[in-house]
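Student: Before I ask anything, let me first share the structure, which is written out below as structure tokens.
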């Protein structure tokens, strides 16, 4: 009982990122009365939509818990089901075939439906996973209600290694009244706009290691600590290193301080001696710099970085780069401030600048830092609730600019004048900045030889439903105006050749992945284009019933720039009183792998590749961990409170091996630090018959993660490379002519 109550509170205040608790207070009666009145008036249609949605929530819950999903589907009540026929299959990419469901419509009765399912079972088809989201609801006076439910089914035929994804929308006409169990029953259901993605063969990705649970392990850093060409997996939050030894991993300690549990960290050479150092920040303390002595060793207690002038409450994102081109690495460090705590919500929810401060720390070359946030022009928006940020050359002018990705705000873009002074050019640099920013990834997604970037946010079915219903509070017109801009989901930005970025036509294909966290861009199948992996799922409870509607109906409206203790329980009172169950908040959402088809289009094929994990994911980072020319992944799973860790959040790390058949060529570059020259900020170019492939060495991307100082390029069928060029920030250029393919080259 004690555990379940604590878990509920954890869900309600959204504290998965840090495990911070609030003291329970009696709910404010006046606030609840106000909310109840709004639900009966302004939000009455949405409350009714929730009532109808319960039918599909029950179906989803039963499908997850039942050992025989066919029986659950066969017993789902309806009068008529209309299914379209199979169209002509077309090849996509990575061995994926796409078949639209078009043509002749078959009308099935419940008994026909059961026979249809029985036939599929005889052929070996097995439902593995599913998602059901209520996108649209209408109910005109005196008429039956109608809904649009998006559905995703993950199906496999084990005997033949076939995997299929069916994705479409169910147009539902509801019967009048409820059944004896108190649920609304569909009268007519028609599957529309559906298609099937299919692939035959062994899954590309396989979990090689599942380690945990730990009390905390994020951030996750991939780095070749000892310079032997093999990447170590640093679980910085747990002060632990996973070192690969043959087919197994051995745990060692990163630093001597056993209690070190940083919330933010970065590995880089801050002293210019060619040896990696370790900069980290634990909640409630000053950041610490551990000076490396070689071989991945960080002895001593570390040196406190007091340039911030205050203890750092929760450093979530740290990025390193030489912003003033003086030859040493500086730091931009930002923090995340949790919503809900003591009744305080980000205000306004679409442009919040009311969090803990960020800092630009200038390095004197020896690892001594000075706060230059204000003098560099970065003070105005330093109180964003930031989840990721990177120093990167966005306009290709030879200096490092700054991209900041923040929850409850979206993105901010600052261009550098080359001397470490930044100008906020967000409005002109991108065509839309709004979203619930969680992470970002860089890559040349449209294959034009230029840097693009991808920002992960939250795509909300609830927001889309409220938009089609036309609901909102008249006294908050800007909240409704911003609702769909914020809830759009992930945004892709491609460079237009100058200093501006536009959202491409294929942007919608990678926009909706759910409540997304970590992201990583890499060429998993070595075909020469950059794919995207996204970790999904916020808080999965005992039921798919979703708290999200309460967020959009009530949580975003109070002006709580300051703490409002009377609201602390009001935000979550409806969840606390759910009888006998804990609901979810964007729960049971599957991780996405957006496969890139030659820079023209994308399709989520994660289940086909064995990577559609259903657990709540957070950090995602990629790198060729075993050095075989195929990029692997590390993914963090978060668990509910565990008494073994004093009811704190616990996490498990998954090392996911890439097993793509070695039928395509590749080339790689390893970039160890050199004395007075860091590879961070360098631009790597590979030129071959495929054209020009570019990649930048950055930190701070993804969610609480660091990608390695190596670059991997798929070559497809190309059998030779003209040259590799590495251009460092100090102007030094290293060039390898006619390098051998299918191996890594060390450039220093």
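Numbering (the numbering used here), first residue to last: 6 to 753.
Here a beta-carbon is modelled for each residue, glycine too, at the ideal position from N, C-alpha and C.
Because the structure is a prediction, the values reported are computed rather than measured.
For residue 662, which residues from the same chain have a beta carbon less than 6 angstroms from its beta carbon, with the 5 sequence-adjacent residues on both sides left out?
Tutor: One-based indexing of the chain shown puts residue 662 at position 657. So the list reads 211, 213, 637, once near-sequence residues are dropped.
Student: How would you call residue 148, buried or exposed, if buried means at least 16 neighbouring beta carbons within 10 angstroms?
Tutor: Counted from its first residue, the chain shown places residue 148 at position 143. Residue 148 comes out exposed.
Student: When we look at the beta-carbon of residue 29 and count the other beta-carbons within 10 Å, is it buried (16 or more) or exposed?
Tutor: The sequence position of residue 29 within the chain shown is 24, counting from 1. With a pLDDT of 36 at residue 29, under the threshold of 50, the predicted position of this residue should be treated as unreliable, though the coordinate-derived value follows. Per the 10 Å Cβ criterion, exposed.
Student: Give me the Cβ distance between residue 415 and residue 438, rounded to the nearest whole Å; I'm assuming they're in contact under 8 angstroms.
Tutor: Sequence index remark: in the chain shown, residue 415 carries index 410 (1-based). Sequence index remark: in the chain shown, residue 438 carries index 433 (1-based). The Cβ separation is near 4 angstroms, so the contact holds.
Student: Considering only C-alpha positions, which residue in the set 667, 217, 170, 254 is nearest to residue 243?
Tutor: On the chain shown, residue 243 is found 238 positions in, with the first residue counted as 1. Checking every option, the nearest Cα to that of residue 243 belongs to 217.
Student: Pull up the distance between the alpha-carbon of residue 517 and that of residue 443, whole angstroms please.
Tutor: For the purposes of this step, residue 517 is taken as the residue at position 512 of the chain shown. For the purposes of this step, residue 443 is taken as the residue at position 438 of the chain shown. The straight-line gap from Cα to Cα measures roughly 14 angstroms.
Student: Measuring only the C-alpha atoms, how far is residue 95 from residue 171?
Tutor: Taking the chain shown and counting its residues from 1, one reaches residue 95 at position 90. Taking the chain shown and counting its residues from 1, one reaches residue 171 at position 166. Rounded to the nearest angstrom, the two C-alpha atoms are 15 angstroms apart.
Student: What do you reckon, are the CB atoms on residue 693 and residue 716 nearer than 8 angstroms?
Tutor: The residue labelled residue 693 in the question sits at position 688 within the chain shown. The residue labelled residue 716 in the question sits at position 711 within the chain shown. No, Cβ-Cβ distance for residue 693 and residue 716 is not below 8 angstroms.
Student: Taking one C-beta from the stretch 617-626 and one from the stretch 174-189 each time, how about it: are there three or more such pairs within less than 8 angstroms?
Tutor: no
Student: If we count the other Cβ atoms within 10 Å of its Cβ and call it buried at 16 or more, is residue 753 buried or exposed?
Tutor: The residue given as residue 753 occupies position 748 in the chain shown. With fewer than 16 other Cβ atoms within 10 Å, it is exposed.
Student: Here's a check: name, in chain order, each residue in its chain whose Cβ is nearer than 6 angstroms to the Cβ of residue 423, leaving out the five neighbours to either side.
Tutor: Position 418 of the chain shown, counting from 1, holds the residue named residue 423. Only 404 meet the Cβ criterion.
Student: When you compare only the Cα positions, how much space is there between residue 126 and residue 201?
Tutor: Mapped onto the chain shown, residue 126 falls at position 121. Mapped onto the chain shown, residue 201 falls at position 196. The alpha-carbon atoms of residue 126 and residue 201 are separated by roughly 18 angstroms.
Student: For residue 163 versus residue 183, is the C-beta distance shorter than 8 angstroms?
Tutor: The count along the chain shown starts at 1 and reaches residue 163 at position 158. The count along the chain shown starts at 1 and reaches residue 183 at position 178. No, Cβ-Cβ distance for residue 163 and residue 183 is not below 8 angstroms.
Student: Specify whether the stretch 717-724 and the stretch 660-674 touch according to this definition: at least 3 beta carbon pairs, one from each stretch, less than 8 angstroms apart.
Tutor: yes
Student: Flag this pair as touching only if the stretch 590-610 and the stretch 627-636 have three or more C-beta atom pairs under 8 angstroms; answer yes or no.
Tutor: no
Student: Which residues in the same chain have their Cβ closer than 6 angstroms to the Cβ of residue 26, if we skip the five residues on either side of it in sequence?
Tutor: Translated into positions along the chain shown, residue 26 becomes position 21. Model confidence at residue 26 stands at a pLDDT of 26, short of 50, so the residue's coordinates are unreliable; what they give is reported in the following sentence. Cβ within range, chain order: n/a, list empty.
Student: Less than 8 angstroms between the C-beta atoms of residue 695 and residue 731, yes or no?
Tutor: For the purposes of this step, residue 695 is taken as the residue at position 690 of the chain shown. For the purposes of this step, residue 731 is taken as the residue at position 726 of the chain shown. Taking C-beta atoms as the reference points, residue 695 and residue 731 fail to come closer than 8 angstroms.
Student: Can you give me the C-alpha to C-alpha distance between residue 123 and residue 431, rounded to a whole angstrom?
Tutor: Counting from one through the chain shown, the residue named residue 123 turns up at place 118. Counting from one through the chain shown, the residue named residue 431 turns up at place 426. So the alpha carbons of these two residues sit roughly 56 angstroms apart.
Student: Can you name the start and end residues of the beta strand (DSSP E) that residue 677 belongs to?
Tutor: Walking along the chain shown from the start, residue 677 turns up at place 672. From DSSP, residue 677 is part of no beta strand (DSSP E); its letter is neither H nor E.
Student: Since residue 471 and residue 337 are thought to touch, with beta carbons under 8 angstroms apart, how far apart are those beta carbons, to the nearest angstrom?
Tutor: Residue 471 sits at position 466 when you count from the first residue of the chain shown. Residue 337 sits at position 332 when you count from the first residue of the chain shown. So it is not a contact: roughly 36 angstroms between Cβ atoms.
Student: Could you check whether residue 247 and residue 281 sit closer than 8 angstroms to each other, using their CB atoms as the reference points?
Tutor: Sequence index remark: in the chain shown, residue 281 carries index 276 (1-based). Sequence index remark: in the chain shown, residue 247 carries index 242 (1-based). Against a cut-off of 8 angstroms, the Cβ pair of residue 247 and residue 281 comes out as no contact.
Student: Is it true that the CB of residue 110 sits closer than 8 angstroms to the CB of residue 89?
Tutor: On the chain shown, position 84 is the one that residue 89 refers to. On the chain shown, position 105 is the one that residue 110 refers to. Their beta carbons are under 8 angstroms apart, which means residue 89 touches residue 110 by this criterion.
Student: Ignore the nearest five residues each way along the sequence and tell me which others in residue 735's own chain have a CB closer than 6 angstroms to its CB.
Tutor: By one-based count along the chain shown, residue 735 stands at place 730. So no residue of the chain qualifies.
Student: Tell me the DSSP secondary structure of residue 71 in three-state form.
Tutor: Numbered from its first residue, the chain shown carries residue 71 at position 66. DSSP places residue 71 in coil when its eight states are reduced to three.
Student: Considering only DSSP beta bridges, list what residue 756 is partnered with.
Tutor: Nothing about residue 756 can be reported from this structure: the residues present for the chain run from 6 to 753 only.
Student: In this structure, how does DSSP classify residue 685 when only helix, strand and coil are distinguished?
Tutor: Locating residue 685 in the chain shown gives position 680, where the first residue counts as 1. Of the three classes helix, strand and coil, the one that applies to residue 685 here is coil, per DSSP.
Student: State the beta-bridge partners of residue 497 as determined by DSSP.
Tutor: Position 492 of the chain shown, counting from 1, holds the residue named residue 497. DSSP output for residue 497 lists 459 as bridge partner(s).
Student: By how many angstroms is the C-alpha of residue 66 removed from the C-alpha of residue 738?
Tutor: Within the chain shown, numbered from 1, the residue matching residue 738 stands at position 733. Within the chain shown, numbered from 1, the residue matching residue 66 stands at position 61. Cα to Cα, the separation comes out at about 57 angstroms.
Student: Could you tell me if residue 743 is buried or exposed, where buried requires 16 or more neighbouring beta carbons within 10 angstroms of its beta carbon?
Tutor: Locating residue 743 in the chain shown gives position 738, where the first residue counts as 1. Exposed, because fewer than 16 other Cβ atoms sit within 10 Å of the Cβ of residue 743.
Student: Going by beta carbon distance, what residues of the same chain come within less than 7 angstroms of residue 499, once the five residues before and after it are set aside?
Tutor: Residue mapping note: residue 499 aligns to position 494 of the chain shown, counting from 1. Once the five neighbours on either side are set aside, the close Cβ partners of residue 499 are 450, 451, 457, 506, 507, 509.
Student: In the DSSP assignment, find the unbroken beta strand (DSSP E) run with residue 522 in it and report its ends.
Tutor: Sequence index remark: in the chain shown, residue 522 carries index 517 (1-based). Residue 522 -> beta strand (DSSP E) spans 521-527.
Student: Kindly list the residues whose CB is nearer than 8 angstroms to the CB of residue 514, restricted to its own chain and excluding five residues on each side of it in sequence; keep chain order.
Tutor: Your numbering for residue 514 matches position 509 in the chain shown. Taken in chain order, the residues that qualify are 599, 606, 607, 608.
Student: Taking residue 668 as the reference, which of 271, 533, 474 has the closest Cα?
Tutor: Within the chain shown, the letter at position 663 stands for residue 668. Of the candidates 271, 533, 474, the one whose C-alpha sits nearest the C-alpha of residue 668 is 533.
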